[in-house]
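Colleague: Quick one: this structure, given as structure tokens, is what I'll be asking you about.
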Amino acid sequence: MAKAQKGQVRVITGNAAAAYGAMLCRPDVATSYPITPMSEVAEQLSAFRADGLVDTEMVEVEGENSAMNVVTAASMAGGRVFTATSSWGLVFMYDAVQQASGFRAPVVMAIANRETPGILAVSGGQQDIISMRDTGWIQIIVEDCQEILDSVIMAFRLAEDFDIQLPVMVNYDGFYLSYLATAVEIPEREDADQFLAPLKQQPERPRLVPGEPLSCGTHGIEIGFMELRYKHCAALERATAKLDEIDKEFGEIFGRSYGGQIEEYRTEDAEIVLVTSGSATGTARTVVDAKRAEGIKVGLVKLRLFRPFPRKRLAEALKGKKAIGVIDRSVGFGWNCGPMYMEIRALTPEIGIIPMLSYIDGLANLDITIPHIERVIDEVSAAAQGKPYQEVTWIPMEE
Amino acid sequence: MVIKHKFILKTENAWSDANEGLLCMDTGSWRTARPVLDKEKCNYCGLCALYCPPQCMKDMGDYYEVDLAYCKGCGVCAKECPRDVISMVPEGEFTDG
């Protein structure tokens, strides 16, 4: 494929970046029920439609549950579909979310992450990602506004790939990225079209056509059910390497790539490694640089793909390290530690028995600050030297 | 792991049609009332066939016939028929039921 021309650089919010990404992919049907902090995604997309930039059919719905059902149905009819939501809206579509993945409908959904119900918090957090862990979707977590736009485009390539056929969530920190305006390069239409063109070369997937009675999701008994679950899990496994491939190809064309499943930063000769996800990674990167300057051999892993879990690549990145620290912006109910920490801990047979430290920080718009990350690195570093350590730390609770 | 199971469904997702997959359960045995269609009044609009959950309205060219092996007796066809051509008759009134 030819290298893309330089796109226009504009200062836009994370929400607008998600809408631009969707617009460039020309969805046939899109819908979204407004919810803070992502309403702007739907507003922007509607504006693009009004300006004639896309001919997407924008369906007005009475709630998020309907939104997910609308896009799933449109996807089953063969359309390219997009939606966006957050927090309460996401959990309100919980049954429909599972329907979409069970139907193997390649829906792409942008999610501005926010704390989930229980305690009313109109504020950022990644608990909604965690609540969607077992829905069978592909979950990508991004770090900045440019990555939001690029990842939405890549998400369509991944979702609609004939070998994958799974819905994809593109997660970005609500409030931190949703409303943060930064310079974002917007790819030219023809370059985005070119990037998505391989999808047209694939065999056509079955679709609902009036007059040709077909049913989806009804063959749900005994071995037929098990067969579908088996295929679903196998497709999720294929998605790991596929994301790496798509990310690499995107990099060759647009000059930007994000590491695929995970991004490793200064990990090669690192003795200790910090694992983060989302917008906090930017802060962590600067702290890693500062600690490196002090002579501490610390590296950073950004977890981009949460489902399917990048077991292989994480194990490769973390193997042979002396200690690791994982920062979660959510809690793991029933384990009293961070959920991402818990999952990385499950890689112990591959990584080896080393100190693993869990940090819970940044809930409900609390900042994951430079001093917080400095503290994490100091403690993980001490643990690596054999000093006693505390397994789980709720950072702001100790301040 | 060696998979010995031969896939029933040819597609990745749970697609099934009237030839395989969908009409494989003995849903006809669930029925307490069966749709009876007056083919003189039927204008072949096809709404009953579109709405039928197990897709068991057989297209006969200028009217529809119910496949009683699969009809659950839900009555959607009778409800949706714009000409009220379909009536739901209790199974007890038939000797073959």
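If you read the sequences in order, they're chains A and B. For reference, each letter of the first sequence is one residue, going 4 to 402 in the working numbering. For reference, each letter of the second sequence is one residue, going 96 to 192 in the working numbering. Every residue gets a Cβ at the ideal spot worked out from N, C-alpha and C, and that includes glycine.
(1) For the stretch 59-78 of chain A against the stretch 24-34 of chain A, do three or more pairs of beta-carbon atoms, one drawn from each stretch, fall closer than 8 Å, so that the two count as touching?
(2) With 16 other CB atoms within 10 Å as the buried threshold, where does B:N138 fall?
(3) Would A:Q204 count as contacting chain B if we go by Cβ distances under 8 Å?
(4) Hey, would you say the C-beta of A:K300 is under 7 Å away from at least one heavy atom of the ligand MG?
(5) Does the beta carbon of A:Q388 come closer than 8 Å to any beta carbon on chain B?
(6) Could you please give the first and the last residue of the uninterrupted alpha helix (DSSP H) stretch that includes A:R310?
(7) Given a cut-off of 8 Å, decide if A:A386 and A:A326 are closer than it, judged by their beta-carbon atoms.
(8) Give me the residue from A:A158, A:S90, A:L199, A:T75 with the minimum Cα distance to A:L246.
(9) Can you list, in chain order, the residues of the stretch 164-175 of chain A whose Cβ is nearer than 7 Å to any Cβ on chain B?
(10) Below 8 Å, how does it come out for the stretch 173-190 of chain A and the stretch 99-116 of chain A: are there three or more Cβ pairs, yes or no?
(11) List the DSSP bridge partners of A:E404.
(12) Taking 8 Å as the threshold (beta carbon to beta carbon), is B:A69 in contact with chain A?
(13) Does A:Q135 come out as helix, strand or coil in the three-state DSSP assignment?
(14) What is the DSSP secondary structure of A:E65, counted as helix, strand or coil?
(15) Identify, in the order they occur along the chain, each residue of the same chain with its Cβ nearer than 7 Å to the Cβ of A:I226, setting aside the five sequence neighbours on each side.
(16) Can you tell me where the alpha helix (DSSP H) holding A:E377 begins and where it ends?
(17) Against A:R107, what residues of chain B qualify as contacts under a CB-to-CB distance less than 7 Å, listed in chain order?
(18) Tell me which residues share the same chain as B:G187 and place their Cβ nearer than 6 Å to its Cβ, disregarding the 5 neighbours each side in the sequence.
(19) Given A:S165, which residues of its chain have a CB within under 8 Å of its CB, disregarding the five upstream and five downstream residues?
(20) Please list, in chain order, the chain B residues whose beta carbon lies closer than 8 Å to that of A:L231.
(21) What residue from A:I380, A:G365, A:E402 has the CA that sits closest to A:Q130's CA?
(22) Can you tell me where the beta strand (DSSP E) with B:S182 in it begins and where it stops?
(23) In angstroms with no decimal places, state the Cα-to-Cα distance between A:Y344 and A:E240.
(24) Buried or exposed: A:Q168, going by 16 or more other Cβ atoms within 10 Å of its Cβ?
(25) Report the residue from A:I122, A:E401, A:K234 whose alpha carbon sits nearest the alpha carbon of B:L104.
(26) From the DSSP output, read off the bridge partner residues of A:N174.
(27) Closer than 8 Å, CB to CB, is A:C340 near chain B or not?
(28) Leaving aside the five residues before and after A:T39 along the sequence, list all residues of the same chain whose C-beta is less than 6 Å from its C-beta, in chain order.
(29) Kindly list, in the order they appear in chain B, the residues whose Cβ is closer than 8 Å to that of A:I226.
(30) Looking at the C-beta of A:G220, does it have a partner C-beta in chain B at a distance below 8 Å?
(31) Check B:W125 in the structure and name its three-state DSSP category.
Modeller: The structure says:
(1) yes
(2) Here the question's residue 138 of chain B lines up with position 43 in the second sequence. Answer is exposed; the Cβ neighbour count stays below 16.
(3) Residue mapping note: residue 204 of chain A aligns to position 201 of the first sequence, counting from 1. It does not: the Cβ of A:Q204 has no partner Cβ on chain B nearer than 8 Å.
(4) In terms of ligand content, the structure shown is empty, and the ligand MG therefore cannot be addressed.
(5) Translated into the one-based positions of the first sequence, residue 388 of chain A becomes position 385. False, the Cβ-Cβ gap to chain B never drops below 8 Å.
(6) If you number the first sequence from 1, residue 310 of chain A lands on position 307. From DSSP, A:R310 is part of no alpha helix (DSSP H) but of the beta strand (DSSP E) over 308-310.
(7) Position 323 of the first sequence holds residue 326 of chain A. Position 383 of the first sequence holds residue 386 of chain A. Yes, Cβ-Cβ distance for A:A326 and A:A386 is below 8 Å.
(8) Counted from its first residue, the first sequence places residue 246 of chain A at position 243. That would be A:A158, whose Cα lies nearest to the Cα of A:L246.
(9) Q168
(10) yes
(11) Chain A is shown from 4 up to 402; residue 404 of chain A falls before or after that span and cannot be answered.
(12) As displayed, chain B neither begins before 96 nor continues past 192, which places residue 69 of chain B out of reach and without an answer.
(13) The residue labelled residue 135 of chain A in the question sits at position 132 within the first sequence. Going by the sequence as given, residue 135 of chain A is Met instead of Gln. If DSSP states are grouped into helix, strand and coil, A:M135 belongs with coil.
(14) Position 62 of the first sequence holds residue 65 of chain A. If DSSP states are grouped into helix, strand and coil, A:E65 belongs with coil.
(15) Sequence index remark: in the first sequence, residue 226 of chain A carries index 223 (1-based). Taken in chain order, the list of residues that qualify is empty.
(16) Counting from 1 along the first sequence, the entry for residue 377 of chain A is found at position 374. Note, A:E377: alpha helix (DSSP H), 373-387.
(17) Translated into positions along the first sequence, residue 107 of chain A becomes position 104. Chain B residues near A:R107: E107, N108.
(18) As a first step, residue 187 of chain B is located in the second sequence; it is residue number 92 there, counting from the start. Cβ neighbours of B:G187 beyond the five flanking positions: none.
(19) Numbered from its first residue, the first sequence carries residue 165 of chain A at position 162. In the sequence as presented, Ser is not what sits at residue 165 of chain A; that position holds Phe. Excluding residues within five positions, the ones whose Cβ falls inside 8 Å are Q205, P206, R208.
(20) Counting from one through the first sequence, the residue named residue 231 of chain A turns up at place 228. The answer, in chain order, is L104, N108, A109.
(21) Against the first sequence, residue 130 of chain A aligns to sequence position 127. Of A:I380, A:G365, A:E402, the residue nearest in Cα terms is A:G365.
(22) What you label residue 182 of chain B is simply residue 87 of the second sequence in a count that begins at 1. B:S182 -> beta strand (DSSP E) spans 181-185.
(23) Stepping through the first sequence from its first residue, residue 344 of chain A is reached at position 341. Stepping through the first sequence from its first residue, residue 240 of chain A is reached at position 237. Roughly 21 Å separates the two Cα atoms.
(24) For the purposes of this step, residue 168 of chain A is taken as the residue at position 165 of the first sequence. Buried.
(25) Stepping through the second sequence from its first residue, residue 104 of chain B is reached at position 9. It is A:K234.
(26) Counting from 1 along the first sequence, the entry for residue 174 of chain A is found at position 171. DSSP, once it has assigned bridges, lists A:I114, A:I144 as partnering A:N174.
(27) Your numbering for residue 340 of chain A matches position 337 in the first sequence. No, because no Cβ of chain B sits closer than 8 Å to the Cβ of A:C340.
(28) Within the first sequence, numbered from 1, the residue matching residue 39 of chain A stands at position 36. Once the five neighbours on either side are set aside, the close Cβ partners of A:T39 are V125.
(29) For this step, residue 226 of chain A is matched to residue 223 along the first sequence. H100, I103, listed in chain order.
(30) As a first step, residue 220 of chain A must be located in the first sequence, where it is residue number 217. The beta-carbon of A:G220 is placed less than 8 Å from the nearest beta-carbon of chain B.
(31) The sequence position of residue 125 of chain B within the second sequence is 30, counting from 1. Under the three-state reduction of DSSP, B:W125 is assigned to helix.
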